[in-house]
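Positions 110 to 605 (our numbering) are the ones given, in order, by the sequence shown.
Each residue gets a CB set at the ideal place from its N, CA and C atoms; glycine is no exception.
On a predicted model such as this, the values are computed, not experimentally measured, just so you know.
Heads up, the thing below is written out as structure tokens.
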Amino acid sequence: MNPLVGGVARATLAAAAGVGIVLGAVHVQGALAVGPAPGTPAAARTATDAVRGSALVCPGPELEGVPGLDDVPVTPRVAAASAPLRTLTGTTPSATPGAVGLTRLPGAGLGGPVTARATNATADLPATTGALVSGSQSLAPGLAAAQSWLLPTGDHRALVSAACTPATAEAWLLAGGAAPGRQERLVLTNPGGNPVTVDVTLHGPDGVVAASQGKGIVVPARGRTAFLLDSISGDVTTPVVHVVADGGVVSAVVNDLWLDGTRSAGSDDAIPAAEPSRDQVIPAVSIDGSAVLRVAVPGDSEAVVQARVLTPQGPRALPTGGVTRIDGGQVRDIDLSKLPKGAVALQVRADVPVVAGAMVTRGTAPAPTDLAWSTSTPPLTGVAGMPLVDPAGGTKRLARLLALTATGASAGVEVVTVDPQGVQKSVRLDVLEDATTAVAVTGARSVWVHRTSGTGELRAGVVSTLTDAVGTLVTTTPLRDTALRTTTVGLREVLR
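What follows is the structure in structure tokens.
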């Protein structure tokens, strides 16, 4: 092979693999062409196969390993599983036996792998390490994972969860505030074998924060970096974080921790929101008291933003702030506290792309309170799910609620739960157009969702709560599509 052409071929293969396209090997003499030869039958041009390898990243203890801050010891419990076979409509997994495993970042394995579908692999994470969740061969399609932790007493009383996500080159995260005692920790985790350089930009009510801090952050190979957003600016009342990685991909999570004087005001994680769009939907917003909708405009142009709530009875106008203008680069919070109690979704539409998230609280000062962040998500096109494992440190089972929302049209949905004995239960229901339906899933060890009919765009999330003598703790975990299939693109030889 010509050395120059060989290098191009290798570069092309690497680039394609980076976006999830697997290219078939080809002997190249003169040039490389991506695509089929003229006259190739359509069926031979591309092939869609079940994925044989899936990977997700969990942030680990968000309150530990931040320079300049004392650690707050927490013990995140990670749980991972592959979806039940019945939910993999249109996907036939590899016949080669596979496994779901957990690995420290950096470090060794966490417990033994599981080799059966709908069976949870669980482990408690030690200090300052993230986790890599992997699914191989027959267990690669439908891989989902989440981490959670609980502090039932003390200054940092909270229930916190985060979905484990694929690493990406860019992310938008919405969480935090400028109240005294409120801290936002950004945790960046690199699952790859080389260091990655990251630029972090902070947006607020006055636009982009001009600061050199946050630029050129190095995330070590198979490791993580955590820092306070206050190091960029400590007085942004409505922070929105833009993360851009160079030389690789990272997983990004923001933890919002609030100690109001001596009163615990809660904590939760925010994972990346759906990429900027003119239509955003935030599922599983569990209203019961104070709540806000946060909207940011990434571009330079002003946005005319329309927001509404999607209830079990259908769409309803917001009590206030349903239509607002937001300048380019700026962030606006819209009060939702007058909405009635219940699990709903929020739809945000604008004339330019925006990003969106929402925060709800439980309890009223001067008693301890808790908070939960929900982020906008892309519509589900395959199967989504979540292992439901109670975090360490609790003596009571968490209450769990699955919230489903359809937009644009109705959607038929199958919800599959797996109980502690491994027995699967299926419920089929119709989610009305522009409405939200809730299903109790307390006691299940995992829950899985896929659309069975209809053309409505489906979104989902799990609301977890714990009520004790002090009050109610709450956290929300958005559900996202799991990896199911990969596309193989044929290469053809061009002789010159």
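Would you decide whether residue i is buried or exposed? Buried here means 16 or more other CB atoms lie within 10 Å of its CB.
i	result
S535	exposed
G221	exposed
P202	buried
T546	buried
Q422	exposed
V414	buried
V183	buried
V390	buried
G285	buried
Q530	exposed
S485	buried
D460	exposed
R226	buried
P176	exposed
G466	buried
R294	buried
Compare the C-alpha of residue i against each of the options and name the closest.
i	options	result
A382	A320, E523 and W482	W482
P392	A544, V461, V318 and V350	A544
P477	G521, A578 and R372	R372
A578	L234, L178, R266 and T157	R266
G162	T205, T585 and Q322	T205
V464	L283, R186 and G290	L283
A501	A164, L268 and A520	L268
P185	V522, A512 and S257	S257
A164	S376, D264 and A255	A255
P261	L582, T591 and T596	L582
I341	A288, A320 and T157	A320
L252	A287, V223, T585 and L448	V223
P314	V404, A379 and V532	V404
A192	G244, T595 and L567	G244
E171	V187, L178, N364 and G343	N364
D264	S386, V418, V166 and D479	D479
A512	A452, S386 and T196	A452
G370	A474, L338, G438 and A271	A474
D377	A426, A272, A188 and G580	A272
D409	G438, A426, D442 and V350	G438
G80	L311, V350 and A288	With the chain running from 110 to 605 in the structure shown, residue 80 is simply not present.
T596	T200, A189, E566 and A190	T200
I396	H312, A217 and L455	L455
Which residues in the same chain have their Cβ closer than 6 Å to the Cβ of residue i, if we skip the five residues on either side of it in sequence?
i	result
E173	D180, A236 and T237
V358	A276, T277 and A278
T526	K534, V550, A553 and V556
D436	E411
P487	A383
L541	S519
A592	V160 and S163
T561	G521 and E523
G503	L259
Write down the C-beta distance between residue i and residue j rounded to the nearest angstrom, noting that I regard them as a contact closer than 8 Å.
i	j	result
V318	V345	6 Å
V209	L241	Actually they are not in contact, since the Cβ atoms of V209 and L241 sit about 12 Å apart, beyond 8 Å.
N229	R554	6 Å
V469	T347	Wrong, their Cβ atoms sit about 16 Å apart, outside the cutoff.
T564	A518	5 Å
T231	S360	Actually they do not touch by this definition, with Cβ atoms about 19 Å apart.
R471	G398	7 Å
A508	T574	5 Å
V571	M495	5 Å
L448	V418	6 Å
For residue i, which residues in the same chain have their Cβ closer than 8 Å to its Cβ, ignoring the five residues on either side in sequence?
i	result
R333	P168, G169, G174, L214, T237, T238, G239, V296, L297, T298 and N299
G302	A330 and R331
I326	L297, T306, V307, D308, V309, T334 and F336
D590	P487, L489, T490, G491, V492 and A493
L234	C167, G169, P170, T184, P185, R186, V187, R213, L219, A240 and Q256
Cutting at 7 Å between CB atoms, please list the residues of its own chain near residue i, excluding the five before and the five after it.
i	result
P329	N299 and P304
D444	V401, T429 and G430
D388	R458
Q322	S340 and I341
In terms of residues, what are the limits of the beta strand (DSSP E) holding residue i?
i	result
D460	G451 to R471
L241	G239 to S245
G423	G423 to A426
L268	A267 to A272
A253	L252 to L260
T484	D479 to T484
P587	T581 to P587
L368	S360 to D369
E566	E566 to T576
E279	E279 to L283
G375	R372 to A379
S191	R186 to S191
I341	Note, I341: premise wrong, no beta strand (DSSP E); not H, not E.
G210	V209 to L214
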